[in-house]
Amino acid sequence: MEQYDVVIVGGGPGGLSAAYSAYENGARKILVLERDRELGGILQQCIHNGFGLHHFKQELTGPGYADRCIALIKDKPEITCLVDTMVLEVKDDKTVTAVNPEKGLFTVQGKTVILTMGCRERTRGAIRTAGERPAGIFTAGAAQRMVNMEGYLPGKKIVILGSGDIGLIMARRMTLEGCKVQAVCEICPYSNGLTRNMVQCLYDFDIPLYLSHTILKIKGKDRVEGVTIAKVDEKMRPIPGTEFEIECDTLLLSVGLIPENELSRVAGVEIAPFTNGPKVDQHRQTNLPGIYAAGNVVHVHDLVDFVSDEADIAGKFAALEAQGKLAPTVQTVAVRPVDGVRTCVPQVLHLPEGGEATRLFMRVGAPARKVTLEVKCGGEVLVKRVFPVVKPSEMITLDLPAAKTALMSGEITVGLKQA
Numbered sequence: 003m004e005q006y007d008v009v010i011v012g013g014g015p016g017g018l019s020a021a022y023s024a025y026e027n028g029a030r031k032i033l034v035l036e037r038d039r040e041l042g043g044i045l046q047q048c049i050h051n052g053f054g055l056h057h058f059k060q061e062l063t064g065p066g067y068a069d070r071c072i073a074l075i076k077d078k079p080e081i082t083c084l085v086d087t088m089v090l091e092v093k094d095d096k097t098v099t100a101v102n103p104e105k106g107l108f109t110v111q112g113k114t115v116i117l118t119m120g121c122r123e124r125t126r127g128a129i130r131t132a133g134e135r136p137a138g139i140f141t142a143g144a145a146q147r148m149v150n151m152e153g154y155l156p157g158k159k160i161v162i163l164g165s166g167d168i169g170l171i172m173a174r175r176m177t178l179e180g181c182k183v184q185a186v187c188e189i190c191p192y193s194n195g196l197t198r199n200m201v202q203c204l205y206d207f208d209i210p211l212y213l214s215h216t217i218l219k220i221k222g223k224d225r226v227e228g229v230t231i232a233k234v235d236e237k238m239r240p241i242p243g244t245e246f247e248i249e250c251d252t253l254l255l256s257v258g259l260i261p262e263n264e265l266s267r268v269a270g271v272e273i274a275p276f277t278n279g280p281k282v283d284q285h286r287q288t289n290l291p292g293i294y295a296a297g298n299v300v301h302v303h304d305l306v307d308f309v310s311d312e313a314d315i316a317g318k319f320a321a322l323e324a325q326g327k328l329a330p331t332v333q334t335v336a337v338r339p340v341d342g343v344r345t346c347v348p349q350v351l352h353l354p355e356g357g358e359a360t361r362l363f364m365r366v367g368a369p370a371r372k373v374t375l376e377v378k379c380g381g382e383v384l385v386k387r388v389f390p391v392v393k394p395s396e397m398i399t400l401d402l403p404a405a406k407t408a409l410m411s412g413e414i415t416v417g418l419k420q421a
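The number in our numbering is simply the position in the sequence shown, starting from 1, with 2 added.
This is the structure we're talking about:
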């Protein structure tokens with residue numbers, strides 16, 4: 003069984019950034035396992051721009067961002083990448099079992115393991131939409147791959163359910179390909195995509211957006227012929243008498259992402275309830291010693307730049323642990339989101355002597371204006387920051403200086419209050 007300092011499951015932007023960070027921090031035998039035919043993950047099908055402004059200080063397309071990540075680890079003999087390789091099992095003793103056409107079934111042993119498997123899309127079955135099961139129903143990501151990488155159009159008259167970023171981007175993409183996007187329907191009273199995508203993908207192309215609406219039924223036997231749409235109340239229940247029909251031959255679903263954590267669960271990693279990803283500390287270490295997680299497998303990010311930032315953290319501390327250089331923990335502090343903050347990562351801090359500078363990544367439960375984000379310990383405000391606008395679709399971050407974390411004990415709360 004071959005031994006490695008760091009074994010990374012997933013060769014997307016998170017896995018590549020973690021590999022480079024581990025290399026920069028002293029790891030000298032690193033293995034990246036990727037199930038697709040090439041590195042880069044989902045970025046290879048995201049041909050639009052808007053990536054890299056934070057991480058590389060330059061606006062890039064998805065493939066351009068992936069290429070920059072690949073270039074960082076290229077020609078480094080210490081980093082081995084295996085594509086077309088499916089990881090079957092990760093065990094708590096840090097053995098990883100995988101299979102590919104060249105090696106067949108094989109197992110490797112890591113001193114540390116980093117999980118960077120990303121997300122998958124929620125499907126029609128997950129939202130239980132009534133109607134027949136005709137051809138023409140796709141997730142937005144599947145349609146994006148068909149159009150951008152395979153060269154196929156899924157249809158001509160499109161309705162999109164959900165206003166997530168992939169759905170908004172596909173509304174623009176399908177319009178540019180000559181299709182007619184009939185409508186985008188969103189069950190929430192606000193959009194679930196970035197503001198820039200709302201403007202650039204919907205408003206600039208005059209595509210109708212129906213907030214507080216959902217699809218009741220899909221019509222058509224062999225092929226989608228139309229959908230029935232209705233307005234919903236504040237409890238997201240359809241309002242009788244508000245139904246109307248829209249003719250279409252294709253329905254794209256952009257109804258959320260689910261962190262890909264089947265391997266994590268089998269290994270025994272503790273899953274946090276609201277993020278649906280591993281519970282991690284500020285080093286991105288899970289409850290299993292030596293097993294780390296980063297990127298969309300931990301919680302869904304709106305920007306790939308944040309995925310890379312988080313993977314840099316995981317790669318650094320996985321490399322330090324592999325070399326036996328991690329500072330010992332003297333204080334464990336739980337992090338609890340309250341008062342309008344829905345999720346916060348990390349969920350726990352394992353602090354060394356003197357504290358440690360830490361960045362919190364958070365999402366709010368509902369849109370709000372002019373709010374103050376406060377970090378409290380024992381009723382005392384340690385750190386606060388004012389935000390003019392917060393939205394569930396846009397992640398917010400807050401940096402905790404080492405001097406402040408040194409004052410923490412037991413539990414801290416992260417919450418909003420009106421500024």
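C-beta atoms are modelled at their ideal positions from N, C-alpha and C, and glycine is treated no differently.
Following the DSSP letters along the chain, one finds M364 inside the beta strand (DSSP E) bounded by residues 360-366.
Per DSSP, the continuous alpha helix (DSSP H) segment holding P65 begins and ends at 64-75. Contact check between the region 145-157 and the region 260-269: fewer than three CB pairs, one atom from each, fall below 8 Å, which does not count as touching. Shortest Cα-Cα distance from V92 to any of V9, L400, A68 involves V9.
For the set K113, F319, K105, the Cα lying nearest the Cα of M88 is the one of K105. Burial is judged here by how many other beta carbons sit within 10 angstroms of a residue's own beta carbon; E323 has at least 16 and is buried. Counting along the chain, no beta strand (DSSP E) covers K406; the unbroken alpha helix (DSSP H) around it starts and ends at 404-407.
Residue pairing of R122 in beta bridges, as defined by DSSP: I260. For T97, the enclosing beta strand (DSSP E) covers residues 97-102.
Closest by C-alpha distance to Y294, out of R365, S193, F319, is F319. Within the same chain, and ignoring the five residues on either side of P403 in sequence, the residues whose Cβ sits closer than 7 Å to its Cβ are A359. Sorting V388, G412, A370 by C-alpha distance to the C-alpha of G381 places G412 at the top. If you look at P15, you'll find it in the alpha helix (DSSP H) that goes 15-26.
Non-local C-beta neighbours of T63 in its own chain, meaning closer than 7 Å and more than five positions away in sequence, comprise I49, H50, N51, F53, ordered along the chain.
Within the same chain, Cβ atoms closer than 6 Å to the Cβ of G28 are found at A321, Q325, the five residues on either side in sequence being excluded. Rounded to the nearest whole angstrom, the C-alpha separation of T216 and I241 is 10 Å.
T331 is positioned such that its CB atom lies no closer than 8 Å to that of V300. When only Cα atoms are considered, R371 and V340 end up about 17 Å apart. Residues H56, F363, M397, T399 of the same chain have their beta carbon placed closer than 8 Å to that of F308, with the five preceding and five following residues left out of the count.
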